[in-house]
Structures are given as C-alpha cells and as structure tokens.
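*Asks:* Mind having a look at this structure? Questions to follow.
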Amino acid sequence: MSFLAFNSIKELSDKLGDGSLSPVELTGFFLERLKLHGPKLNAVVTIMENRAHKQAFKLKKELEKGKIRSPLHGIPYGGKDLLAAIGAPTSWGAAPYKDRVLKYDATVVSRLERAGAILSAKLAMIELAGGMGYRQPNASFTGPCKTPWNLNYWSGGSSSGSGSAVAAGLVPFAIGSETWGSILSPANNCGVSGLRPTYGRVSRYGAMALSWTLDKLGPLCQTAEDCGLILEAISGFDPHDPSTTRRKYKFETVQKDFRVALIKGNMIGADDSVTKNFEKSLKIIEKFAIVDEITFPEFPYEAVTRMILNAEAASAFEDFIDEGLSHQLTASEDRYNGYSRLTVLAKDYLRALRLRGKMVKIAEEIMQSYDAVLAPTSKRTAAPINQEFRRNAPTTPSIDITGSVGNGAGLPSISVPAGFSEEGLPTCIQFMGKAYDENIIISLAVEYQKRTDWHKKHPKEFE
Amino acid sequence: MLGSKEKIVENLSNLIFESYGSRLTEKEKEEIRKSIEQTFENSVKLHQISLENGDEPFSVFIPYRKEKN
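In order, the protein sequences belong to chains A and B.
Under this note's numbering, the first residue of the first sequence carries the number 59, and numbering increases by one thereafter.
Under this note's numbering, the first residue of the second sequence carries the number 91, and numbering increases by one thereafter.
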C-alpha cells in the first residue's frame, strides 16, 4: 500500500470511487504512517484515531449506497493545531495550552467534514503561529519540526507540521494558516504545493487569531490541482467570520495566453541553488507564458505590513502576556518579544492601515496587465534545525515584496517545488496573483507541474 | 516625527518596564528596547509617505443587522 502515500487527491478519489479502496482502509493506512513517522519529524501533536475511524466507517457506508459527497469523500487530512476540533486539544503550539480543549469545530473543519474529508491529526505548529516573533526552529512545545528531506533541517513555519506531514506522505493534504509566510515557508522547506488564498476567501472561525486583517487559512498538498480542490471545499461566506467574501469559488483550470511578471532585483541575496533552479523554471514557464520584468515603486511595504501585524498581534495576545503566560513558551525570545509590541501607538497602526489603501492600489496597478508575479518562494533553502534564522539570512539586504505586499494586500499565492539544492533541500517558486484570482495562479502552477516532475519526487526515507 | 528617537524609545520602554519589569531580566529588557527601536524606525518610514485627510484606513466598519433566515 505504500504507493498510496504520495497519491494525489484525484488518484485516491478514483480508487475510492471504483471500490478498489475503502475510506476505512485508507484512513488506517495514513493513521499508521502518522504513528510511525510523525515522531521522527516532530510533525504531529495529536492523532485523532477515534474521530477518524468513526468518520471513515460512516463514509464507507455512504459509498456502498452510492453516495459521494465530493472528490474529498473518504480522504484523510491533517489540520494545523490552531484549528478548533472536537475530540482533541487545541494547543496553538504553545505549552500553556497543550491540554486546552475547545469543544467545537472550526468552520474549515466542519466544511471539510461536509465534503467527506477525514480529520486524522492535529499537526505541529510554531507557538502562537509565530505571534511572539520567534527566531529559531525550536519554538513549539512539540520540538523543532523537521523537513523530511533532511532531518537536520527545519520544516519551515509556522504551519510546520502541515508541510512536513504532507511531504512525508503522512496525510494526503493539510490545512495551514498564513499571516506572513506561514503557508509558503513550510511549502518551500518541505517541497510541497501550498496555496495562500485571498484574504477573506476562507473563514477563520475557530482558528487562532494572530492578526485579524492578515490571517488566512489554506491547503498544503501534493499538487497544485489538489490545492484547488481543497479551496473549493473550504471557501465561502461564513456569518461567524465577517471578513469572508460572498464571492463564490469553484475550482477550474483556466486556458489563456498567460502573462507573468518578474520583480526587478528580486533575486538579490538568493542562494546560488535557488537562483539556478529559478532560472531553469523560468525557461519552462516561458514555454506557456509571456514573461516581463516589472518594478515596484519605492514604498514602505514591509513597514506597513509589519506595523499592522505587530499592533494586531499585541491586542490578540494582550491578556496572554498580561497573565505572564508568554514566560512558559519554548523559544526564549518568545517569552519577552510580545512586550515590546504593547507599545505600538494607535496613530502608527492607523497610519499603516491608511497606507495599506495606497499599497493595494499600487499592487493592483502594477499587476493589472499580468496574471501573476513570479518569484522564488524563499531566497534560502531550509535553515539548520539548531540555528537562528538570522544567522542563515542573506547578507545582502533585500525587501520581501511578495511577502509584504502579498500579505498586506491580501493577495493569493501558490508555491510549487522547482528543484533541489546540492544538499538535497527543496527550492520552490511562487505565482502571486491578483485578489480572487486563485484559479489563474493555480492554472499557472498546473501548467508548470505538467512540464516538470519535482512534485513527484519524495524523500526516500518515507517512501 | 517630533521628538528624539532615544527619548521616545526610552519612554516607551519604561512604560513596559513599569508594568512588567519585575518579570524581566536585564538582557530581556535590552532586547525589548531594541525591538521598540525597530518599531520606531518603521514608524519613521510610514511618515515618509504623505497622506490626505480623506485617506481612510483600508478597513471598513459595517453597521450590523442580524441576517434573517
């Protein structure tokens, strides 16, 4: 059965549909992999065996009666442990909450259940989704999460377990969250496909809040196409989350003459392997898209998004800090970093929100003639598990435009694997689109994956 | 921005130390001060872009009515 570990959702769905596999068998298979490999990677917080088995039996009976809820019927998955779910603690990756139980399902969890997906595990994450400004992989009560490609290197974060578990074939897909980089970073370090949807596309009800106007939930999967299937299941208006859009989303690939843009100077400070693989990817992309170079004007993109994040995080965790709970966190810097944010002035926060209005218009205008901005997902491969990121950071100063504009303006982005470094660590590319253009960026990623096989390579130790 | 960086950072740091200082080591206090300094520098960057009176925060308040089923 090991061949199932890295099947796409479509492949698994076909097997479930033709009766060659049952939801009970498939769930049992992935639960065993979670138990066997999860601890090696520090990727799993709680295996939800009872809930998963119960759901699998129910879905098996439905299949026997010819009822298929959706392409996700009978597909197991893992959720980042900031999603409330009945049947397991919801820790937010933080020691003070490791036994805390929330007795309801997040909207994402209930929507996936409605679509027939089976919640099988709560997955590891950086404590409070990085809300205290962590600077090292060891920032979770479950220990530093590892990329399955080399256990001496970090999985990325804050959706650490979501990236690692999908890359190791412990679940067919996982849900992560991103405020600034938390889906794309583990997608990059673990070499899987990861989608950050447009802000407001997916309800955050039942998910930990870090920054109300920046937080997004999205999938990490084996393929770009799988990301579209998951987004269709989890998107849509939710009265419990006032940020959710009433625009309906249906996944479909788009055929058109694509135009993508490179940001001038965006490779400054990139690793040689990232640059080399990006250039190879570019040659492939030029076969199905026109590629131009663009320039983003001078603007304090990072300062705007950082100020919003810091101010909102300070408020979201004010009580946590007041109660002294931050001193129980794992990373030493997370125990005190939160205090400084309590001094963000209201006038600065509001100025950042006002400048955000200018930033979104700059992004819209520059991207107007393009389907996506193409960039490396990260300029660096995964950091060693025992080092602070800043020691591993580029020595040449550079601006994270895709991160600051992408998150500050709430734009969608999809990351897909694009090669490996000499050390065997994945490098990835991202297509960042205009708001609500998920189908376009997914289609670009699908076209790229039709012409490459990086997404079909898997870490040998877990095959 | 009016006021010296050092004085503003010192005052904001003291605000934290007044409330939470007993929980913090000297090293932690120094890290907090550095972090407040970074926030100040971000604030300076934000003030390099001019805004008009009508440039509203890009988040809209919506008066609430419960939806009828």
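A virtual CB, placed ideally from N, CA and C, is assigned to each residue, including glycine.
These numbers were taken from a predicted model, which means no experiment stands behind them.
#1: Would a C-beta distance cut-off of 9 Å place residue 303(A) and residue 273(A) closer than the cut-off?
#2: With a threshold of 8 Å, are at least 3 pairs of Cβ atoms found where one atom belongs to the segment 188-195 of chain A and the other to the segment 137-148 of chain A?
#3: Taking C-beta pairs closer than 8 Å, name the residues in chain A that residue 155(B) reaches, listed in chain order.
#4: For residue 357(A), return the contacting residues in chain B, with the cut-off set at a CB-CB distance below 8 Å.
#5: Does any CB atom of chain B fall closer than 9 Å to the CB of residue 416(A)?
#6: Would DSSP call residue 490(A) helix, strand or coil?
#7: Starting from the C-beta of residue 38(B), find all residues in its chain whose C-beta is less than 6 Å away, skip the five residues before and the five after it, and write them out in chain order.
#8: Using a Cβ cut-off of 9 Å, pull out every chain B residue sitting near residue 271(A), in sequence order please.
#9: Would you mind reading off the limits of the beta strand (DSSP E) that contains residue 279(A)?
#10: Spell out a yes or no on whether the segment 383-400 of chain A and the segment 415-434 of chain A are touching, meaning 3 or more CB-CB pairs, one atom from each, closer than 8 Å.
#11: Along chain A, in chain order, which residues have C-beta atoms closer than 7 Å to that of residue 125(B)?
#12: Under a three-way DSSP split, which group does residue 133(A) fall into?
#13: Secondary structure at residue 362(A), three-state DSSP: helix, strand or coil?
#14: Buried or exposed, going by whether 16 or more other CB atoms sit within 10 Å of the CB of residue 132(B)?
#15: Could you tell me which residues DSSP puts in a beta bridge with residue 233(A)?
#16: If I measure Cβ to Cβ from residue 451(A) and keep anything under 8 Å in the same chain, skipping five residues before and after, which residues do I get?
#17: Quick one: give me the first and last residue of the beta strand (DSSP E) that residue 316(A) is part of.
#18: Can you check which of these residues, 105(A), 200(A), 152(A), 207(A), is closest to residue 517(A) by C-alpha distance?
#19: Evaluate residue 93(B) with the Cβ neighbour count: other Cβ atoms within 10 Å of its Cβ, from every protein chain shown; 16 or more gives buried, anything less gives exposed.
#20: Looking only at its own chain, which residues have a Cβ that is under 7 Å from the Cβ of residue 128(A), when we skip the five neighbours before and after it?
#21: Whole angstroms is fine: what's the gap from residue 421(A)'s alpha carbon to residue 95(A)'s?
#22: Taking the beta carbon of residue 337(A) as the centre, do at least 16 other beta carbons fall within 10 Å, making it buried, or is it exposed?
#23: Go ahead and label residue 453(A) buried or exposed: buried means 16 or more other beta carbons lie within 10 angstroms of its beta carbon, across all protein chains shown.
#24: Taking DSSP as the reference, what is the three-state secondary structure of residue 500(A)?
#25: Quick check on residue 96(B) - is its C-beta less than 9 Å from some C-beta in chain A?
#26: Assuming residue 146(A) is part of the alpha helix (DSSP H), what are its boundary residues?
#27: Considering Cα atoms alone, identify which of 502(A), 496(A), 482(A) is closest to residue 309(A).
#28: Using the DSSP secondary-structure output, state which residues sit across from residue 96(A) in a beta bridge.
#29: Could you give the distance in angstroms between the alpha-carbon of residue 151(A) and the alpha-carbon of residue 138(A)?
#30: Anything in chain B within Cβ reach of residue 382(A), meaning under 8 Å, just list it in chain order.
#31: Could you list which residues in chain A have their beta carbon closer than 8 Å to that of residue 143(B), in chain order?
#32: Please list, in chain order, the chain B residues whose beta carbon lies closer than 7 Å to that of residue 497(A).
#33: What span of residues does the alpha helix (DSSP H) with residue 139(B) cover, start to end?
#34: State buried or exposed for residue 298(A), treating a residue as buried only when at least 16 other CB atoms are found within 10 Å of its CB.
#35: On the three-state DSSP scale, how would you describe residue 329(A)?
#36: By the 7 Å beta-carbon criterion, what residues does the segment 291-317 of chain A contribute toward chain B?
*Replies:* So, from the data block:
#1: Position 245 of the first sequence, counting from 1, holds the residue named residue 303(A). Position 215 of the first sequence, counting from 1, holds the residue named residue 273(A). In this structure, residue 273(A) does not lie closer than 9 Å to residue 303(A) by Cβ.
#2: Taking a cut-off of 8 Å for Cβ pairs, the segment 188-195 of chain A and the segment 137-148 of chain A do not touch, as fewer than three such pairs fall below it.
#3: Locating residue 155(B) in the second sequence gives position 65, counting from the first residue. Result: empty, since nearest Cβ-Cβ is about 12 Å, beyond 8 Å.
#4: Counted from its first residue, the first sequence places residue 357(A) at position 299. In chain order: 139.
#5: Locating residue 416(A) in the first sequence gives position 358, counting from the first residue. Cβ-Cβ to chain B under 9 Å: yes for residue 416(A).
#6: Here residue 490(A) refers to the residue found at position 432 when the first sequence is read from its first residue. Residue 490(A) falls in the strand class under three-state DSSP.
#7: The shown model of chain B, from 91 to 159, leaves out residue 38(B), and the question about it has no answer.
#8: By 1-based counting over the first sequence, the position of residue 271(A) is 213. Within 9 Å Cβ-Cβ: 148, 149.
#9: Looking up residue 279(A) in the first sequence gives position 221. In the DSSP assignment, residue 279(A) falls within the unbroken beta strand (DSSP E) covering 274-279.
#10: A contact is defined here as three or more CB-CB pairs under 8 Å, and the segment 383-400 of chain A fails this definition with respect to the segment 415-434 of chain A.
#11: Your numbering for residue 125(B) matches position 35 in the second sequence. Residues of chain A passing the Cβ test: 395, 398.
#12: Reading the first sequence from its first residue, position 75 is the one you call residue 133(A). It is coil, neither helix nor strand.
#13: Stepping through the first sequence from its first residue, residue 362(A) is reached at position 304. Here residue 362(A) sits in helix by DSSP.
#14: The residue given as residue 132(B) occupies position 42 in the second sequence. It is buried - the Cβ of residue 132(B) has at least 16 other Cβ atoms within 10 Å.
#15: The residue given as residue 233(A) occupies position 175 in the first sequence. Bridge partners of residue 233(A): 137(A), 277(A).
#16: Looking up residue 451(A) in the first sequence gives position 393. Confidence at residue 451(A) is low in this model, with a pLDDT of 49, below 50, so its placement is unreliable and the value that follows should be read with caution. Excluding five sequence positions before and after residue 451(A), the CB atoms of its chain that fall closer than 8 Å to its own CB belong to 438, given in chain order.
#17: Against the first sequence, residue 316(A) aligns to sequence position 258. 316-321 is the extent of the beta strand (DSSP E) around residue 316(A).
#18: As a working mapping, residue 517(A) is identified with position 459 in the first sequence. Nearest of 105(A), 200(A), 152(A), 207(A) to residue 517(A), Cα basis: 207(A).
#19: Within the second sequence, the letter at position 3 stands for residue 93(B). Exposed: under 16 other Cβ atoms inside 10 Å.
#20: For the purposes of this step, residue 128(A) is taken as the residue at position 70 of the first sequence. Answer for residue 128(A): 173, 174, 291, listed in chain order.
#21: Numbered from its first residue, the first sequence carries residue 421(A) at position 363. Numbered from its first residue, the first sequence carries residue 95(A) at position 37. Distance between the alpha carbons of residue 421(A) and residue 95(A): 42 Å.
#22: Indexing the first sequence from 1 puts residue 337(A) at position 279. Note on residue 337(A): under 16 other CB atoms within 10 angstroms of its CB, so exposed under the neighbour-count rule.
#23: Taking the first sequence and counting its residues from 1, the one referred to as residue 453(A) is at position 395. Only weak support is given to the placement of residue 453(A): the predicted model assigns it a pLDDT of 48, under 50, and the question is left unresolved by the model.
#24: By one-based count along the first sequence, residue 500(A) stands at place 442. Helix.
#25: Translated into the one-based positions of the second sequence, residue 96(B) becomes position 6. Contacts with chain A at 9 Å (Cβ-Cβ) do not include residue 96(B).
#26: Taking the first sequence and counting its residues from 1, one reaches residue 146(A) at position 88. DSSP places residue 146(A) in no alpha helix (DSSP H); its state is neither H nor E.
#27: On the first sequence, residue 309(A) is found 251 positions in, with the first residue counted as 1. The candidate whose alpha carbon is nearest that of residue 309(A) is 496(A).
#28: By 1-based counting over the first sequence, the position of residue 96(A) is 38. Residue pairing from DSSP leaves residue 96(A) without any beta-bridge partner.
#29: What you label residue 151(A) is simply residue 93 of the first sequence in a count that begins at 1. What you label residue 138(A) is simply residue 80 of the first sequence in a count that begins at 1. C-alpha separation (whole angstroms): 9 Å.
#30: Your numbering for residue 382(A) matches position 324 in the first sequence. Taking the beta carbon of residue 382(A) as reference, the chain B residues within 8 Å of it are 113, listed in sequence order.
#31: Within the second sequence, numbered from 1, the residue matching residue 143(B) stands at position 53. By Cβ distance, chain A contributes nothing, its closest Cβ being about 10 Å from residue 143(B), past 8 Å.
#32: Indexing the first sequence from 1 puts residue 497(A) at position 439. Within 7 Å of the CB of residue 497(A), no CB atom of chain B is found; the nearest one sits about 25 Å away.
#33: By 1-based counting over the second sequence, the position of residue 139(B) is 49. Residue 139(B): not part of any alpha helix (DSSP H); DSSP gives it neither H nor E.
#34: On the first sequence, position 240 is the one that residue 298(A) refers to. Of the other Cβ atoms in all chains shown, fewer than 16 fall within 10 Å of the Cβ of residue 298(A); this residue is therefore exposed.
#35: Position 271 of the first sequence, counted from the first residue, corresponds to residue 329(A). Coil.
#36: The residues in question are 297.
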